[in-house]
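The structure under discussion appears below in the form of structure tokens.
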DNA sequence: GTCCAGGGCCTAC
DNA sequence: GTAGGCCATGGA
């Protein structure tokens, strides 16, 4: 029996939907702020918060530092855990200023493992947030694993339900070409698919991967 | 009213 | 090392 590969899944999604042209953010500031606000919340809510920040004229890391934490929190209420996130945003914005001179090129330059470790050591930035920043704001080659990726790979039969972040990331990176555009768009395809279809209560009847998914359950995956 | 959404931190065992 | 609580809105 022919084995289904991750690259086959991507090709199928690409044929169906085209390149998703992602991440949703107009510039590096917006992508960075969005990545932190998106922690454990639907993107719809992030959009509201970003809109609030833009209306207030503070949708950049440099401007965020100047706000009172309470005021920032009030602007990002729609994103859940707003007090925590206001602190995380300002903490990161201060780091950006102090360590990179408010220069994204400097922030994201250097050897990738060391860079990733440094960002991970910042309070409030876990692996998913750091990898989103690196890939989408920094154009660095790291694959982003999120709840959608985990869910889809598990349901398709590729990986174990409780696989760790690093295990999932490693699994994917070993099976797809090392290509920046592919890393970005594959993650985008997964998110877009799961957001609508492969939810906690999935609508499998509408899923373009339903046949592959059944094949996965019978173990015909690489 | 109930469930769930694109995490991460902290504490207890 | 890992399970579970905490953060605490808003739409379906």
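Residue numbers (this note's numbering): 3 to 224. Glycine included, every Cβ here is placed at the ideal spot set by N, Cα and C.
Integer Cβ distance of residue i from residue j, believed to fall under 8 Å
| i | j | result |
| --- | --- | --- |
| residue 54 | residue 38 | The Cβ separation is near 15 Å, so there is no contact. |
| residue 158 | residue 211 | 7 Å |
| residue 7 | residue 177 | 7 Å |
| residue 24 | residue 133 | Contact doesn't hold; Cβ gap of about 14 Å is too wide. |
| residue 75 | residue 85 | 5 Å |
| residue 22 | residue 200 | The Cβ separation is near 15 Å, so there is no contact. |
DSSP-derived helix/strand/coil call for residue i
| i | result |
| --- | --- |
| residue 161 | coil |
| residue 204 | coil |
| residue 110 | coil |
| residue 80 | helix |
| residue 35 | helix |
| residue 166 | coil |
| residue 20 | coil |
| residue 47 | helix |
Own chain partners of residue i with C-beta closer than 6 Å, once the 5 adjacent residues on each side are dropped
| i | result |
| --- | --- |
| residue 175 | 145 |
| residue 147 | 167, 170 and 171 |
| residue 30 | 106 and 139 |
| residue 20 | none |
| residue 18 | 210 |
| residue 43 | 81 and 82 |
Beta-carbon contacts of residue i that lie in its chain and below 8 Å, excluding the five residues immediately before and after
| i | result |
| --- | --- |
| residue 117 | 110, 111, 136 and 142 |
| residue 173 | 155, 160, 161 and 165 |
| residue 215 | 157, 158, 159, 206 and 209 |
| residue 61 | 31, 32, 35, 52 and 55 |
| residue 9 | 177, 178 and 179 |
| residue 16 | 187 and 191 |
7 Å CB neighbourhood of residue i in its chain, flanking five on each side removed
| i | result |
| --- | --- |
| residue 58 | 77 |
| residue 182 | 141 and 143 |
### Query
For the stretch 147-156 against the stretch 106-119, are there 3 or more C-beta pairs whose distance is under 8 Å?
no
### Message
Would the stretch 61-75 count as touching the stretch 91-103 if we require 3 or more Cβ pairs under 8 Å?
### Response
yes
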